[in-house]
Amino acid sequence: MIRALDMEKRRVEATLIVIEQVMELKACIAGLIGSMGAPQDWEAAANYLSLVSNIPEDVIRGDFALAVVPSIEAPDPPWTTIQTTRKSLCGLFLREFNAATEQGDGEEVARFFKLFPVIGGGAEETGLEAYGQYICQGMAEAVRSALGGAHEERGKQNDLFYANNLTRLFEHIVQIINSHSGLVERHYGADKVVKVIERLQKEADIQGGIILDMWNDERAVTRMMADIKSYPFYFLSKSMMPVQRGINFALRGNELDKDEFDLDVKNVEGLFGEMTTMLRSWSLYERFIASQCKGLLDQEEKLPLPKFLDQCNLHKKISEKVIEPYKLTATFLFRRSVGKAFEMDAAPSGLSLSKPYDGSPPFILQAVDDIMYVVDNLLQHILSTGNREVTVYIISAISRVLELDFIGIIHRRMRDQCYHKPLIQGGFPPEDKIISFMVLMSTLDMAKEYLDRVISSKGYFPKSQGDLAGPSTQPLKDSFPFGRDAELVANALHTLNSALSAKATELLNDGTRELFDEVLWPRIRLILTTSFQDAVYDVSEGESLDEGDVDGETTQQVSVRFEGGWSALTRPLKHIMTPRTYAALASLAANKLARVLEKRAWSYSGRLTALGGLRLESDFSGIISVIAQDDYALRKLFTQLQEILAIANMEDDEWDELESGYDSSRQGRSRLLSDEDVAKARKIVRR
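Per numbering that gives the first Met the number 0, residue 0 is the first one in the sequence shown, and the count goes up by one each step.
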């Protein structure tokens, strides 16, 4: 019984709700018809339709509504009346909207644009399409106005004419979005703003495509790219060919065939600047559109590139007509700059191994300064584009040119033109060849340093390879915000730096060994021979006192002679070479001297008196001090030699005391010498 009453109650309540809804429907239709009459109150009419949309469709189409709602003013069924009225209002709003756009009446445009979503039934799509046409019309007119000048007038403008127009197109779109997105979002919803942006992008595809096509034709880009591909690079080609020995490495341009290839490099540079501006503007535009869409759709991941933007026609056209020529042009300009730098190169003059020179280091080819300036400038341009594809490709191209042309030319000059074999058997190499070789080594060394500075200045601070995605890439993320773009650019910069460093280091190691073997060591041997001339170590204490050999300069004559010869030999080398290249050379010399002096010490086995042993140790210590006076770390290379002499000169009682400490231990007598060598060392001095 109670259940039956509850069910009946619910039925009554449902019936009352339907009655209320039907009465509301009847009132809304009456108000709708009345508003569309003489008052022409379109806002009220739209609001009535909006209220109707809250009434369930089954109520509107129901028999009760069909019996109650129709009237003399609206005799049709309610659903038909609503559909007809909505269609009529949508058409009326569209006509009024278009009329307002033609008259430039912004208030009326906004008024009717707001009404489309109110009436529902898909009218918002009509409103968005009309609004899109309205704002795109202004964009098209702006482009036509900018490009409408006569051909002669455009030709008189600067090289950035088309780039500036493309930039203004993007700026116009940005301004539209900033001005209108609030209105669209407020009345249509955030997702509809993205649709408006997509509509704008379709118009941008058309207008941007027109600009790029006109630019391509007027600048004759296709023909220029064909000329660039066939450019012969006369100087670089000739520099790679073997040369006759004896020719000075500082080749000059007037010694080569003149570059008669018909290509106006200034036009190429102008084109490169224009393409840089285009790509920079396009990247900024992409970033803005992506940030707008990300903010509206509340995406949490990294800044994504919207699919409609990535697949739009303008993106494809920029890739085809700008990016590909840009890669080719940048590579051409850099390679030509490298050739010109070597062609106009000036080597330091006045350097001598025997005369003082007041010039300030580093003494390097002028070409390295010019080339690294171009690298810095080129990296600045390509990084400013914000385009990962362009940046990574051109950085790789820079690396190839530096390795093949820059390093290649220096390598060939070191190998073919600055050889320093003695002209006469048993003599010394010509001084000018030695100096030229050292200048080339210093050039390689400074090229490594300059490139490292350049790359660090671009926002990438070299760390270990594993840290590339860490904080060191943060400055690049401002220019390359999409996905892993910043990391890929950082990887490319790291590869550029490490590749040049590895290649230059390899050549420097070979050059240092060559310089040591052919130049330094033959002279050091003479210095050693002179230093130990008349040195006597088989002398007793009584003889020494009688002859006055134990004090004054005579006792130190070996180290004094060595210091004089060593200083005369190394002072000009130290002045001409960079600190790093000289340090490497000095390390080779110290290492070789340590072995030679060690061999000399062993050769005295059984021939030294106690006093002679002390004198030998003193002489060797003096030589070591001379060698290590500029780099204390070089002393480590003589540690084994010093230990040999220390063991050789120990008094018997001191040695016996030391030996007793090892009787119950398996520990060796020396950290560096085997037991056999220790025994040999004890035999150097006669006892």
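Quick reminder that beta carbons are idealized off the backbone N, C-alpha and C, glycines included.
Worksheet entry | Beta-carbon spacing of arginine 634, alanine 627 below 8 Å | For arginine 634 and alanine 627, yes; Cβs fall inside 8 Å.
Practice prompt. Output the distance between the C-alpha atoms of alanine 249 and cysteine 417, rounded to the nearest integer angstrom.
Written response: Confidence at alanine 249 is low in this model, with a pLDDT of 42, below 50, so its placement is unreliable and no value can be given for it.
Discussion item. For leucine 278, which residues in the same chain have their Cβ closer than 8 Å to its Cβ, ignoring the five residues on either side in sequence?
Written reply: If the five residues before and after leucine 278 are omitted, its C-beta is found closer than 8 Å to the C-beta atoms of Ile317, Val321, Ile322, Tyr325, Thr384, Gly385, Asn386, Val389, all from its own chain and listed in chain order.
Worksheet item: Is aspartate 62 closer than 8 Å to proline 69 when the C-beta atoms are compared?
Response: Not closer than 8 Å, so no.
Discussion item. Taking the alpha carbon of glutamate 268 as the reference point, which residue from Ser336, Leu302, Ser290 has its own alpha carbon closest?
Written reply: Nearest C-alpha to glutamate 268: Ser336.
Worksheet entry | Integer-rounded CB distance, given that isoleucine 397 should sit under 8 Å from leucine 495 | 6 Å
Worksheet entry | Under the three-state DSSP convention, the category leucine 382 falls into | Helix at leucine 382.
Item to complete: Alpha carbon to alpha carbon, how far is threonine 529 from leucine 350? Give it in angstroms, no decimals.
Response: Taking the straight line joining both Cα atoms gives about 27 Å.
Discussion item. With distance defined between alpha-carbon atoms, name the residue in Ile454, Asp533, Val173 nearest to valine 192.
Written reply: Out of Ile454, Asp533, Val173, Val173 has the C-alpha closest to the C-alpha of valine 192.
Discussion item. Assuming valine 684 is part of the alpha helix (DSSP H), what are its boundary residues?
Written reply: First-last for valine 684: undefined, no H or E at that position.
Item to complete: Could you tell me the boundaries of the alpha helix (DSSP H) in which aspartate 484 lies?
Response: 484-514
Discussion item. For glutamate 124 and aspartate 40, I'd like the C-alpha separation in whole angstroms.
Written reply: 22 Å
Practice prompt. Measure how close the beta-carbons of alanine 609 and isoleucine 683 come, nearest whole angstrom, since I'm counting them as under 8 Å.
Written response: With a Cβ gap of about 11 Å, alanine 609 and isoleucine 683 do not count as contacting.
Worksheet item: Hey, isoleucine 196 and cysteine 292: beta-carbon distance below 8 Å or not?
Response: yes
Discussion item. Report the CB separation of leucine 313 from phenylalanine 481 in whole angstroms; it is logged as a contact under 8 Å.
Written reply: Incorrect: roughly 17 Å between the Cβ atoms, too far for contact.
Worksheet item: Less than 8 Å separating the beta-carbons of valine 142 and isoleucine 210?
Response: yes
Practice prompt. Can you tell me which of the three DSSP states leucine 607 falls into?
Written response: strand
Practice prompt. Write down every uninterrupted run of the alpha helix (DSSP H) in the stretch 192-230 whose length is 4 residues or greater and which is fully enclosed by it, in chain order.
Written response: Within the stretch 192-230, the complete alpha helix (DSSP H) runs of at least 4 residues are 220-228.
Worksheet item: Based on Cα-Cα distance, which residue from Leu439, Val220, Lys476 lies nearest to threonine 577?
Response: Leu439
Discussion item. By the three-class DSSP mapping on this structure, what secondary structure does proline 578 have?
Written reply: helix
Worksheet item: Comparing the C-beta of lysine 682 with each C-beta of chain D, is any distance below 8 Å?
Response: Of the chains in the structure shown, none is chain D; there is only one protein chain.
Worksheet entry | Coil, strand or helix - arginine 10 by DSSP | helix
Worksheet item: How long is the line joining the alpha carbons of threonine 638 and glutamate 656, rounded to whole angstroms?
Response: 23 Å
Worksheet item: With 16 other CB atoms within 10 Å as the buried threshold, where does aspartate 357 fall?
Response: exposed
Practice prompt. Report, in whole angstroms, the separation of the C-beta atoms of leucine 127 and lysine 194, which I expect to be a contact under 8 Å.
Written response: 6 Å
Discussion item. Suppose the cutoff is 8 Å on Cβ atoms and the five residues either side in sequence are ignored; what does the same chain contact list for proline 521 look like?
Written reply: Phe427
Practice prompt. Tell me whether methionine 239 sits in a helix, a strand or coil according to DSSP, three-state version.
Written response: coil
Discussion item. Output needed for leucine 475: all residues of its chain with C-beta closer than 7 Å, excluding positions within five of it in sequence on either side, in chain order.
Written reply: Gly458, Tyr459, Ala485, Val488, Ala489
Worksheet item: When DSSP labels each residue in this structure, what does isoleucine 322 get in the three-state scheme?
Response: helix
Fill in: Own chain, CB closer than 6 Å to aspartate 548, minus 5 neighbours either side, in chain order
Bear in mind that the predicted position of aspartate 548 carries a pLDDT of just 46, short of 50, making it unreliable; the figure below should be weighed with that in mind. Close CB contacts of aspartate 548 within its chain, under the 6 Å cut and outside five residues either way in sequence, are absent.
Discussion item. Please report the straight-line C-alpha distance between arginine 110 and tyrosine 47, rounded to a whole angstrom.
Written reply: 17 Å
Practice prompt. Indicate the three-state DSSP secondary structure (helix, strand or coil) for lysine 457 in the structure shown.
Written response: coil
Practice prompt. Please report how far the alpha carbon of lysine 432 lies from the alpha carbon of leucine 332, in whole angstroms.
Written response: 32 Å
Practice prompt. Indicate the three-state DSSP secondary structure (helix, strand or coil) for serine 441 in the structure shown.
Written response: helix
Worksheet item: Got a sec, what are the start and stop residues for the alpha helix (DSSP H) cysteine 135 sits in?
Response: 122-146
Worksheet item: Using the rule of at least 16 other Cβ atoms within 10 Å of the residue's Cβ for burial, across every protein chain shown, is threonine 330 buried or exposed?
Response: buried
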